[in-house]
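In the working numbering, the protein residues as written are 174 to 582.
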């Protein structure tokens, strides 16, 4: 039998009944003879509640103290789940991130895992214990608790699976796999049996919320056998792997993703000369502002415009940096909009198949949806649309690629 790492999200452990359900899944895996390591998230809205409590005390609390506070959410989940497993008569122990050997850098609130030293975990497994580990957290070289930021528990699970050379890493969520689109928005979305790491990484980066992109990057780097499945249905999930099995009909679209956490900046009236783009985006990089879609107009009358997108949380800072450097950059003004969304199609086979862009754009044209910006790569096409059109755009694109052809076209 093998070693299995399982991760359960906040909705899976939201209350006592759900914790007992998670305990049942864990112990069933253990009873089949597997060694089991479990990564748990905080219950339900616990993290948001803790952030609210902190704001009541000190709205300007340091990131170190925020991490100290937020790490307690996962500890509660682990301790309660361990108690449920104890009540069922199974050997179990719960460990914090630092006890399990999760070593990180010192970027409080968004730490990166440097290495995992799972000696304590291995010792407990040798004693035939079920090991529960707090997700979302680790410890830096100074012994301070750190948290890993958005998607941190997914990242914890994959990192632990890689360190333990686990046979399987299962990510349990409130949906029963990875779909061709968000099933809460697109009613005819279909569950995929398998998807490549590259496709899943693009979907995660482009707004699909089933897996965080950092966890997919780790899984690809260390070739972790990854499965996404539901903690409620008990049905097989979706396998994420390097290569998927070939199908009789060539498939090149795996999914449609939507991201509303997008804002657009347009820098108007720049000099049409070498080095302008470098100056703008080096300023963004210095502030650690990630830039996504970039569009540069054709120069006319010795000027040009450059538009780009950032996440909404970086919009204010990006605009401030541009305004502070207006004389250096020499532009006329900046247009800003957070009333936009990004809709994307992803598929590993797109590079060898013509007409994907035309099909996508035709679907949007037929629905009367205007495209603001376009970005492409070998396995994805993204468009920026007005935010009020985002859900409808996702639906019509999905219908065009999946319903008309009856398969992953």
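C-beta atoms are modelled at their ideal positions from N, C-alpha and C, and glycine is treated no differently.
Sheet register partners of residue i (DSSP bridge)
i: residue 345; result: 181, 402
i: residue 202; result: DSSP, once it has assigned bridges, lists no residue as partnering residue 202.
i: residue 435; result: 513
i: residue 366; result: According to DSSP, residue 366 bridges with nothing at all.
i: residue 310; result: 320
i: residue 559; result: 513
i: residue 275; result: 289
i: residue 444; result: 476
i: residue 412; result: 367, 400
i: residue 295; result: Partner(s): none; residue 295 has no beta bridge.
i: residue 268; result: 306
i: residue 430; result: 517
i: residue 549; result: 554
i: residue 176; result: 208
i: residue 352; result: 364
Residue i classed as buried or exposed, judged by whether at least 16 other C-beta atoms fall within 10 angstroms
i: residue 397; result: buried
i: residue 504; result: buried
i: residue 506; result: exposed
i: residue 310; result: buried
i: residue 523; result: buried
i: residue 580; result: Confidence is the limiting factor: at residue 580 the pLDDT is only 45, short of 50, which leaves the residue's position unreliable, though a coordinate-based value still follows. Residue 580 should be labelled exposed.
i: residue 474; result: exposed
i: residue 355; result: buried
i: residue 421; result: Confidence in residue 421 is poor, its pLDDT being 37 and thus under 50, which makes the residue's placement too unreliable to answer from.
i: residue 315; result: exposed
i: residue 451; result: exposed
i: residue 412; result: buried
i: residue 228; result: exposed
i: residue 414; result: buried
i: residue 447; result: exposed
i: residue 175; result: exposed
i: residue 294; result: buried
i: residue 297; result: buried
i: residue 289; result: buried
i: residue 553; result: buried
i: residue 333; result: buried
i: residue 291; result: buried
i: residue 244; result: buried
i: residue 168; result: The requested residue 168 is not part of the displayed model; the chain covers only 174 to 582.
i: residue 393; result: buried
i: residue 275; result: buried
i: residue 267; result: buried
i: residue 219; result: buried
i: residue 399; result: buried
i: residue 262; result: exposed
i: residue 233; result: exposed
Sequence-distant residues of the same chain with beta carbon closer than 6 angstroms to residue i, five excluded per side
i: residue 369; result: 417, 521
i: residue 193; result: 257
i: residue 313; result: 277, 279, 319
i: residue 364; result: 350, 352
i: residue 542; result: 558, 562, 566
i: residue 241; result: 318
i: residue 182; result: 214, 346
i: residue 251; result: 213, 267, 305, 307
Of the listed residues the options, nearest to residue i (C-alpha basis)
i: residue 216; options: 242, 240, 187, 467; result: 187
i: residue 284; options: 444, 177, 387; result: 387
i: residue 466; options: 476, 390, 545, 460; result: 545
i: residue 373; options: 519, 304, 407; result: 519
i: residue 576; options: 199, 457, 426; result: 426
i: residue 377; options: 223, 510, 270, 516; result: 516
i: residue 482; options: 454, 337, 501; result: 454
i: residue 480; options: 498, 459, 509; result: 509
i: residue 468; options: 548, 265, 362, 252; result: 548
i: residue 438; options: 348, 272, 496; result: 496
i: residue 501; options: 449, 458, 529, 459; result: 449
i: residue 390; options: 381, 375, 401, 404; result: 375
Same chain, Cβ closer than 7 angstroms to residue i, five either side skipped, listed in chain order
i: residue 514; result: 431, 432, 433, 435, 558, 560, 563
i: residue 359; result: 567, 568, 571
i: residue 191; result: 185
i: residue 470; result: 477, 478
i: residue 385; result: 323, 324, 327, 328, 377
i: residue 254; result: 186, 192, 195, 196, 213, 305
i: residue 236; result: 281, 282
i: residue 308; result: 180, 212, 213, 214, 247, 325, 326, 329, 330
i: residue 511; result: 436, 485, 488
Contacts around residue i, its chain only, beta-carbon distance under 8 angstroms, and the 5 residues preceding and following it disregarded
i: residue 532; result: 573, 574
i: residue 423; result: Confidence at residue 423 is low in this model, with a pLDDT of 47, below 50, so the placement of that residue should be treated as unreliable; the coordinate-derived value is given next. Same-chain partners within the cutoff: 522, 526.
i: residue 177; result: 202, 207, 208, 209, 210, 339, 340, 341, 342, 343
Please list the segments of the beta strand (DSSP E) lying wholly inside the stretch 454-530, counting only runs of 3 or more residues, in order along the chain. 467-469, 476-483, 506-519
Return the chain-ordered ranges of every alpha helix (DSSP H) run that is complete within the stretch 188-265 and spans a minimum of 4 residues. Counting whole runs of 4 or more residues, the stretch 188-265 contains the alpha helix (DSSP H) stretches 189-204, 219-230, 236-260.
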